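Notes follow once the structure below has been shown.
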Amino acid sequence: MKNILVIGGASGIGLSIATELVQQEDCQTVHIVDRQPFPQQFAHPKIRSHIFDLTNPDYSFFDQFADIDALMITAGFGKIQLFRDVEDQHITDSFYVNTIAPIRIIKIFYPLLSGKKDFYCGVMGSIAGFMSSPFLSIYASTKASLKIFIESVNVELLKAGTSNRILNVSPGFIKGTSFYKGKTDIDITRPLAIQIIQHLKNKDDLFIPKYEEVYKEVLQRYHNDFRAEGIHSYEYKEQTMSKR
0 MKNILVIGGA
10 SGIGLSIATE
20 LVQQEDCQTV
30 HIVDRQPFPQ
40 QFAHPKIRSH
50 IFDLTNPDYS
60 FFDQFADIDA
70 LMITAGFGKI
80 QLFRDVEDQH
90 ITDSFYVNTI
100 APIRIIKIFY
110 PLLSGKKDFY
120 CGVMGSIAGF
130 MSSPFLSIYA
140 STKASLKIFI
150 ESVNVELLKA
160 GTSNRILNVS
170 PGFIKGTSFY
180 KGKTDIDITR
190 PLAIQIIQHL
200 KNKDDLFIPK
210 YEEVYKEVLQ
220 RYHNDFRAEG
230 IHSYEYKEQT
240 MSKR
């Protein structure tokens with residue numbers, strides 16, 4: 000991967016992925032696109048920072064990146080609250096940034112993705128997209144939509160005869176990010192960033208961190224009885240929030 004576009008790379012796991020990519024010998028340029036400036040303390044000669052808000056309907060901005068050979072979309076957000084308390088604007092913004100934006104961006108680069116040359120593409124999904132997630136109903140819905148989109152397009156890519164795939168990275172809670180109003184700590188997120196990059200290079204289509212240790216059993220419980228697992232998830236989040 001020589002010329003890489005990381006969308007949402009100014010903070011969180013996106014920042015960690017970007018700072019790892021520039022350390023790789025074959026990497027020439029990492030373009031960071033975010034709505035906020037790239038933090039100066041992580042500046043690097045290989046990094047090019049660009050400001051863009053994904054809610055902007057005009058995506059011609061991305062035409063300038065026609066020479067990339069890798070795309071990693073990490074932008075996204077969520078809010079822990081019951082659906083009864085969700086504002087209408089939050090619903091609209093969540094689907095636009097978490098779901099519509101990645102789909103539109105992948106559509107722009109689809110000629111590269113569906114071609115015979117190597118093209119590496121990954122999207123940050125969530126384990127919440129695999130099951131009912133009370134207190135995260137909107138976030139989970141956006142990620143569930145993204146999950147089905149990725150799976151569907153990957154079948155199309157397979158049938159088109161290309162080896163390129165879209166990697167769905169679907170973690171649970173990630174320590175060291177600002178998702179839950181915390182601060183980004185790339186020392187904490189670095190091991191996960193390294194794993195994601197490796198799966199991206201392998202052209203894998205799914206990576207669930209801590210699958211064997213945690214989520215294999217969780218997903219099986221959900222498959223066996225989604226109602227019971229939904230109640231368990233509700234009570235777990237309720238207890239976790241009461242401790243904060």
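Using numbering that gives the first Met the number 0, read the sequence shown as starting at 0 and increasing by one per residue.
Note that beta-carbon positions come from the ideal geometry of N, C-alpha and C, so glycine has one too.
These numbers were taken from a predicted model, which means no experiment stands behind them.
Simplified DSSP assignment, three categories, for Thr28
strand
Whole-angstrom distance between Gln23 and Leu112, CA atom to CA atom
22 Å
Is the separation between the beta-carbon of Phe64 and that of His30 shorter than 8 Å?
yes
If you reduce the DSSP assignment to three classes, tell me which class His49 lands in.
strand
Inter-stretch contact (C-beta, 8 Å, three-pair minimum) for the segment 121-128 and the segment 163-172:
Taking 8 Å as the limit for Cβ pairs, the verdict is that the segment 163-172 does touch the segment 121-128.
Just to confirm, is the Cβ distance from Asp58 to Ile99 under 8 Å?
Residue 58 is actually Tyr in this sequence, not Asp. No; because the gap between Cβ atoms is not below 8 Å, this pair is not in contact.
Can you look up Asp92 in the DSSP assignment and give me helix, strand or coil?
Residue state for Asp92 is assigned as helix, using DSSP reduced to three classes.
Minimum C-alpha distance to Gln40 - residue among Leu53, Ala9, Cys26 and Thr28
Nearest option by C-alpha distance: Ala9.
Measure the alpha-carbon distance for Ala17 versus His43 and round it to whole angstroms.
10 Å
Within 10 Å of its beta-carbon, does Glu234 have 16 or more other beta-carbons around it, so buried, or fewer, so exposed?
exposed
Between Asn2, Arg189 and Ile137, which lies nearest to Phe118 when the distance is taken from Cα to Cα?
Asn2
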